[in-house]
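Written out below as structure tokens is the structure these notes cover.
4 protein chains.
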Amino acid sequence: MRQRDFRGKSLSMEKGRLEAFSDGVIAIIITIMVLELKVEEAHGADFAALSHVWNPFLAYVLSFIYIGIYWNNHHHMLQAAERSNGAILWANLHLLFWLSLVPFATAWMGENQFAAAPVALYGAVLLMAAIAYWMLQGTIIREHGRDSLLAQAMGRDLKGKLSPLCYIAGIGLSFVNPWISCGLYVLVALIWLVPDARIERLLKGRK
Amino acid sequence: MRQRDFRGKSLSMEKGRLEAFSDGVIAIIITIMVLELKVEEAHGADFAALSHVWNPFLAYVLSFIYIGIYWNNHHHMLQAAERSNGAILWANLHLLFWLSLVPFATAWMGENQFAAAPVALYGAVLLMAAIAYWMLQGTIIREHGRDSLLAQAMGRDLKGKLSPLCYIAGIGLSFVNPWISCGLYVLVALIWLVPDARIERLLKGRK
Amino acid sequence: MRQRDFRGKSLSMEKGRLEAFSDGVIAIIITIMVLELKVEEAHGADFAALSHVWNPFLAYVLSFIYIGIYWNNHHHMLQAAERSNGAILWANLHLLFWLSLVPFATAWMGENQFAAAPVALYGAVLLMAAIAYWMLQGTIIREHGRDSLLAQAMGRDLKGKLSPLCYIAGIGLSFVNPWISCGLYVLVALIWLVPDARIERLLKGRK
Amino acid sequence: MRQRDFRGKSLSMEKGRLEAFSDGVIAIIITIMVLELKVEEAHGADFAALSHVWNPFLAYVLSFIYIGIYWNNHHHMLQAAERSNGAILWANLHLLFWLSLVPFATAWMGENQFAAAPVALYGAVLLMAAIAYWMLQGTIIREHGRDSLLAQAMGRDLKGKLSPLCYIAGIGLSFVNPWISCGLYVLVALIWLVPDARIERLLKGRK
Chain A
0 MRQRDFRGKS
10 LSMEKGRLEA
20 FSDGVIAIII
30 TIMVLELKVE
40 EAHGADFAAL
50 SHVWNPFLAY
60 VLSFIYIGIY
70 WNNHHHMLQA
80 AERSNGAILW
90 ANLHLLFWLS
100 LVPFATAWMG
110 ENQFAAAPVA
120 LYGAVLLMAA
130 IAYWMLQGTI
140 IREHGRDSLL
150 AQAMGRDLKG
160 KLSPLCYIAG
170 IGLSFVNPWI
180 SCGLYVLVAL
190 IWLVPDARIE
200 RLLKGRK
Chain B
0 MRQRDFRGKS
10 LSMEKGRLEA
20 FSDGVIAIII
30 TIMVLELKVE
40 EAHGADFAAL
50 SHVWNPFLAY
60 VLSFIYIGIY
70 WNNHHHMLQA
80 AERSNGAILW
90 ANLHLLFWLS
100 LVPFATAWMG
110 ENQFAAAPVA
120 LYGAVLLMAA
130 IAYWMLQGTI
140 IREHGRDSLL
150 AQAMGRDLKG
160 KLSPLCYIAG
170 IGLSFVNPWI
180 SCGLYVLVAL
190 IWLVPDARIE
200 RLLKGRK
Chain C
0 MRQRDFRGKS
10 LSMEKGRLEA
20 FSDGVIAIII
30 TIMVLELKVE
40 EAHGADFAAL
50 SHVWNPFLAY
60 VLSFIYIGIY
70 WNNHHHMLQA
80 AERSNGAILW
90 ANLHLLFWLS
100 LVPFATAWMG
110 ENQFAAAPVA
120 LYGAVLLMAA
130 IAYWMLQGTI
140 IREHGRDSLL
150 AQAMGRDLKG
160 KLSPLCYIAG
170 IGLSFVNPWI
180 SCGLYVLVAL
190 IWLVPDARIE
200 RLLKGRK
Chain D
0 MRQRDFRGKS
10 LSMEKGRLEA
20 FSDGVIAIII
30 TIMVLELKVE
40 EAHGADFAAL
50 SHVWNPFLAY
60 VLSFIYIGIY
70 WNNHHHMLQA
80 AERSNGAILW
90 ANLHLLFWLS
100 LVPFATAWMG
110 ENQFAAAPVA
120 LYGAVLLMAA
130 IAYWMLQGTI
140 IREHGRDSLL
150 AQAMGRDLKG
160 KLSPLCYIAG
170 IGLSFVNPWI
180 SCGLYVLVAL
190 IWLVPDARIE
200 RLLKGRK
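Chains as they are written, first to last, in numbering that gives the first Met the number 0: chain A, 0 to 206; chain B, 0 to 206; chain C, 0 to 206; chain D, 0 to 206.
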């Protein structure tokens, strides 16, 4: 009896530190992006000078929302999870790696007025992050079992299947017209902004 | 009975991670601002060289106090809150977004010797952050109910109503004399520095 | 009885978030200092190129130790503290403000080969941080009462009284010979590196 | 009985804050490295421009994995630890110091196309971090006793003994052919990526 308690506590602490580390990295990613809004590029002290940071600003807004979505979903997924292990730690780091490239892709895209190649790279980073998230989800489900609450909560995961297709389309279309790609990226963000009620509903059902 | 405990724990953990993430982002915002005090601008190794970073330093002090006030109030508001939900998470991210623009606005204002346009932009960012804070407060109150301790604690919220008016006045007056605007921003900071005793008093009353 | 439990929990959570925020800010301060070791200044790819970052590196080592000492002492002081309040939050932010200037002072000193004015400024920032720490300590003791464990633990606080004198001497002597000042700063760091056994001993005695 | 509870809680909180601070610093280190992928170096908006950041990117990937390994192992070691003390706090800061130099070493290596001296410096930083980790491990074991679970879990520690030898070989061989050194660094990373099952297995045995 005591052993189970200890184990439970130990494993939930482990999950806690995983969350804390992820929160730290995601908080830093979401914040350092703003460093790309460089004052030096706003030559002068009038509003016209601000126009030079308009494109980086738009790119920043989009990326802020994406990182916010990832934090939100990561938060819900780990809330449903009950424990962690080595494979989950590394699947999580893999996700953080791709998210850490978002600031670079954002800056390159923003500084080059949403040109084709940067827009394609931005889509590629989003695609890799989506794949990494999907892998992390799979690793967590494997740990908890196919019949677990978590596995059920994930359900058919339509959003998760649609997003990569949009990214791939965005990458391909960026050489036709980068604004179509950006439209697709915005569309995916909007889809995810709708609260992910799946897990919340199930958790409430259980309680 | 046990279910209620579990639910309470789960929801307070959720609140805990919201606080932790906000703390991380606010801690980074308050600290990266200091990177705008650039050593390269202090050409030379005498005190005269420091005069080049005097205006950025003043702007840094003001923004440090503002971010400190936001952290403090955020801290008190969430302490009184008992649970979180998806809408609160996004209202919170919305607040963090506007706060994340404070370092840019601070740097632009500091580097341009408190010129009109940067001072107006600084006020606009403060205004948007105040609106975002007010929205977050409303979202939390909606979750807890109009009769909750939190809703009572917010009370008439004179400060919260006065601040946006000062920011709007500051934005408008920046083209007359930016120092009047700065005076208004300092005034609002001073008003908030007076400890927000409302919540503390009510919490003590309850206990 | 239950009320007291609730209050204790609420107040220790408040202390917990104060610690978490301070940890975040201190962790960022200690880490962004390394950004001043700029690769661009190491022109070339041989070890001779590294000599250009030698002085910034020495300044970094000293500041890393100082920030480490502050984290360590802050950690012990808050461990002995039992609760927090508004005045403590602001006294803590005041300390973090002065610590946040350490990276700038470190960079200015390192880039200018430990010249007189930067060495004096470095000492001034250390002096202000020491005063802020002393004010924070006083605010915490006031909250806990003169007879509290914390107040006794602080005792005569010889180190805390000696350090500001060394900083003041360092500031004054920097215009005679900055290396004497640096020697004094190193001396103070060494004094503090000796583990602050006061609180630890008392805590053990109580238990 | 109550005293033991209090002590246990107090000491595990102390450990908790040590973990939180380390998590913060490591999260910042792993994230600021990405700032070295500078958009300005990707002159232009086509994929050819990206080739200028290819070497920094490779160096970033390697360092991300190394910092991830350190976080992972640090995590497991502290999970097995039951309490902290002043010596452990400083041994931990010593490790964080060397890890904080990884971004600089990474950037210098990446910007200079893996030239001899930067590759040697990179190995030297890894070597010092390994030594610091070994010292931290020793300090923790000393606190817990030679017969503790932790001491047994560390066992013969083949990986820990092999890694420094590889780093030393890498440093020496960098002046023959830096790519051999890089191969050695990659090899060590791969060895560590295999999950450190020692502690996990023992913990499971105990439970």
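Where is the CB? At the ideal position from N, CA and C, for every residue including glycine. Predicted model, so just to flag it, every value in this text is computed and none were measured.
**Request:** Please compile the residues from chain A whose C-beta is within a distance smaller than 7 Å of the C-beta of GLU18 of chain D.
**Result:** Here the question's residue 18 of chain D lines up with position 19 in the fourth sequence. Near GLU18 of chain D (Cβ distances below 7 Å), the residues of chain A are ARG16.
**Item:** Residue burial classification, PHE5 of chain A (beta-carbon count within 10 angstroms, cutoff 16)
**Value:** For this step, residue 5 of chain A is matched to residue 6 along the first sequence. Residue confidence is low: PHE5 of chain A scores 36 on pLDDT, short of 50, so the model does not pin down where it sits. No coordinate-derived value is stated.
**Asked** According to the neighbour-count rule (16 or more other Cβ atoms, all chains shown, within 10 Å of its Cβ), is HIS42 of chain C buried or exposed?
**Response** Numbered from its first residue, the third sequence carries residue 42 of chain C at position 43. Under this definition HIS42 of chain C is an exposed residue.
**Asked** Within the 9 Å Cβ cut-off, does LEU120 of chain D reach chain C?
**Response** Here residue 120 of chain D refers to the residue found at position 121 when the fourth sequence is read from its first residue. Closer than 9 Å to some Cβ of chain C, the Cβ of LEU120 of chain D qualifies, so yes.
**Asked** For SER50 of chain C, does the count of other Cβ atoms within 10 angstroms reach 16, so buried, or fall short, so exposed?
**Response** The residue labelled residue 50 of chain C in the question sits at position 51 within the third sequence. Exposed, because fewer than 16 other Cβ atoms sit within 10 Å of the Cβ of SER50 of chain C.
**Item:** Closest Cα partner of LEU186 of chain C within the set C:CYS165, C:PHE174, C:ASN176 and C:SER173
**Value:** Within the third sequence, numbered from 1, the residue matching residue 186 of chain C stands at position 187. The shortest Cα separation from LEU186 of chain C among C:CYS165, C:PHE174, C:ASN176 and C:SER173 belongs to C:CYS165.
**Request:** For LEU126 of chain B, count neighbouring Cβ atoms within 10 angstroms of its own Cβ and tell me buried if that reaches 16, exposed if not.
**Result:** Counting from one through the second sequence, the residue named residue 126 of chain B turns up at place 127. The residue in question, LEU126 of chain B, is buried, as its Cβ has 16 or more Cβ neighbours within 10 Å.
**Message:** Mapping the DSSP letters down to three states, classify LEU36 of chain D as helix, strand or coil.
**Reply:** Within the fourth sequence, residue 36 of chain D is the residue found at index 37, counting from 1. Residue state, collapsed to three classes: coil.
**Request:** Flag this pair as yes or no: are the beta carbons of LEU120 of chain C and MET108 of chain C separated by less than 9 Å?
**Result:** Position 121 of the third sequence, counted from the first residue, corresponds to residue 120 of chain C. Position 109 of the third sequence, counted from the first residue, corresponds to residue 108 of chain C. Yes. Within cutoff.
**Asked** In or out: ASP22 of chain B buried (at least 16 other Cβ within 10 Å) or exposed?
**Response** Taking the second sequence and counting its residues from 1, the one referred to as residue 22 of chain B is at position 23. Buried, because 16 or more other Cβ atoms sit within 10 Å of the Cβ of ASP22 of chain B.
**Message:** What does the alpha-carbon distance come out to for the pair GLU39 of chain B and GLY182 of chain A?
**Reply:** In the second sequence, counting from the first residue as 1, residue 39 of chain B sits at position 40. In the first sequence, counting from the first residue as 1, residue 182 of chain A sits at position 183. GLU39 of chain B and GLY182 of chain A: Cα-Cα distance of roughly 41 Å.
**Item:** Buried versus exposed, by CB contacts within 10 Å (16 or more), HIS193 of chain A
**Value:** Against the first sequence, residue 193 of chain A aligns to sequence position 194. The question names His, yet the displayed sequence has Val at residue 193 of chain A. With fewer than 16 Cβ atoms within 10 Å of its Cβ, VAL193 of chain A is classed as exposed.
**MET0 of chain B in three-state terms, based on DSSP** = Here residue 0 of chain B is taken as the residue at index 1 of the second sequence, counted from 1. Bear in mind that the predicted position of MET0 of chain B carries a pLDDT of just 28, short of 50, making it too unreliable to give a figure here.
**N- and C-terminal bounds of the alpha helix (DSSP H) containing GLN136 of chain D** = Looking up residue 136 of chain D in the fourth sequence gives position 137. First-last of the alpha helix (DSSP H) with GLN136 of chain D: 115 to 143.
**Asked** For PHE5 of chain D, which of helix, strand or coil comes out of DSSP?
**Response** Indexing the fourth sequence from 1 puts residue 5 of chain D at position 6. Residue confidence is low: PHE5 of chain D scores 36 on pLDDT, short of 50, so the model does not pin down where it sits. No coordinate-derived value is stated.
**Message:** When you measure from the CB of PHE103 of chain C to every non-hydrogen atom of the ligand ADP, does any distance come out below 8 Å?
**Reply:** The ligand ADP is not part of this structure, which contains no ligands at all.
**Message:** Using 9 Å as the threshold, is the C-beta distance between ILE31 of chain D and LEU34 of chain C below it?
**Reply:** The residue you call residue 31 of chain D lines up with position 32 of the fourth sequence. The residue you call residue 34 of chain C lines up with position 35 of the third sequence. Their beta carbons are under 9 Å apart, which means ILE31 of chain D touches LEU34 of chain C by this criterion.
**Sequence ranges, alpha helix (DSSP H) only - wholly within the segment 56 to 101 of chain A, length at least 4** = 85 to 99
**Request:** Return the Cβ separation of ARG173 of chain A and VAL101 of chain A in integer angstroms, given the expectation that the two are a contact with Cβ distance under 8 Å.
**Result:** Here residue 173 of chain A refers to the residue found at position 174 of the first sequence. Here residue 101 of chain A refers to the residue found at position 102 of the first sequence. Looking at the sequence itself, residue 173 of chain A is Ser, so the reference to Arg does not match. About 17 Å; that fails the 8 Å criterion.
**Item:** 6 Å CB neighbourhood of THR105 of chain B in its chain, flanking five on each side removed
**Value:** Within the second sequence, the letter at position 106 stands for residue 105 of chain B. These residues qualify, in order along the chain: MET32, ALA58 and SER62.
**Request:** Report yes if the CB atom of LEU148 of chain B is closer than 9 Å to the CB atom of ALA79 of chain B, and no otherwise.
**Result:** What you label residue 148 of chain B is simply residue 149 of the second sequence in a count that begins at 1. What you label residue 79 of chain B is simply residue 80 of the second sequence in a count that begins at 1. In contact: LEU148 of chain B and ALA79 of chain B (Cβ atoms closer than 9 Å).
**Asked** Is the Cβ-Cβ distance between ASN71 of chain A and GLY122 of chain B less than 9 Å?
**Response** Position 72 of the first sequence, counting from 1, holds the residue named residue 71 of chain A. Position 123 of the second sequence, counting from 1, holds the residue named residue 122 of chain B. Not a contact, by the Cβ cut-off of 9 Å.
**Asked** If you check the beta carbons only, do ILE68 of chain B and VAL24 of chain C fall under 9 Å apart?
**Response** The residue you call residue 68 of chain B lines up with position 69 of the second sequence. The residue you call residue 24 of chain C lines up with position 25 of the third sequence. Cβ atoms of ILE68 of chain B and VAL24 of chain C: not closer than 9 Å.
**Message:** I'd like to know whether the C-beta of ASN54 of chain A is nearer than 9 Å to at least one C-beta of chain D.
**Reply:** Within the first sequence, numbered from 1, the residue matching residue 54 of chain A stands at position 55. For ASN54 of chain A, the answer is no, since every Cβ of chain D falls outside 9 Å of its Cβ.
**Message:** Within 10 Å of its beta-carbon, does VAL175 of chain A have 16 or more other beta-carbons around it, so buried, or fewer, so exposed?
**Reply:** Along the first sequence, read from residue 1 onward, the residue named residue 175 of chain A stands at position 176. Exposed: under 16 other Cβ atoms inside 10 Å.
**Message:** Excluding the 5 residues flanking ALA90 of chain C on each side, which residues of the same chain have their C-beta closer than 7 Å to its C-beta?
**Reply:** The count along the third sequence starts at 1 and reaches residue 90 of chain C at position 91. Cβ within range, chain order: MET134, LEU135 and THR138.
**Residues, ordered as in the chain, of the segment 80 to 107 of chain C that lie near chain D by beta-carbon distance below 8 Å** = none
**Message:** Given this structure, state the Cα-to-Cα distance separating TRP178 of chain D from PHE113 of chain D, to the nearest angstrom.
**Reply:** One-based indexing of the fourth sequence puts residue 178 of chain D at position 179. One-based indexing of the fourth sequence puts residue 113 of chain D at position 114. Distance between the alpha carbons of TRP178 of chain D and PHE113 of chain D: 8 Å.
**Item:** chain A within 9 Å of GLY67 of chain D, Cβ atoms only
**Value:** As a first step, residue 67 of chain D must be located in the fourth sequence, where it is residue number 68. Closer than 9 Å to some Cβ of chain A, the Cβ of GLY67 of chain D qualifies, so yes.
**Asked** So, is the C-beta of ALA41 of chain C closer than 9 Å to a C-beta in chain D?
**Response** On the third sequence, residue 41 of chain C is found 42 positions in, with the first residue counted as 1. Taking Cβ atoms only, chain D reaches closer than 9 Å to ALA41 of chain C, which makes this a yes.
**Request:** At 8 Å on the CB atoms, spell out the chain C contacts of ALA123 of chain B, in chain order.
**Result:** By one-based count along the second sequence, residue 123 of chain B stands at place 124. None at all; the shortest Cβ gap to chain C is about 25 Å.
**Message:** In whole angstroms, give me the CA-to-CA distance for TRP97 of chain A and TYR184 of chain C.
**Reply:** What you label residue 97 of chain A is simply residue 98 of the first sequence in a count that begins at 1. What you label residue 184 of chain C is simply residue 185 of the third sequence in a count that begins at 1. Taking the straight line joining both Cα atoms gives about 42 Å.
**Message:** Assuming GLY159 of chain D is part of the alpha helix (DSSP H), what are its boundary residues?
**Reply:** For the purposes of this step, residue 159 of chain D is identified with residue 160 of the fourth sequence, where counting begins at 1. Where GLY159 of chain D is concerned, the enclosing alpha helix (DSSP H) stretches over 157 to 172.
**Prompt:** Does the separation of the CB atoms of ALA129 of chain D and SER162 of chain D fall below 9 Å?
**Reply:** Within the fourth sequence, residue 129 of chain D is the residue found at index 130, counting from 1. Within the fourth sequence, residue 162 of chain D is the residue found at index 163, counting from 1. Closer than 9 Å, so yes.
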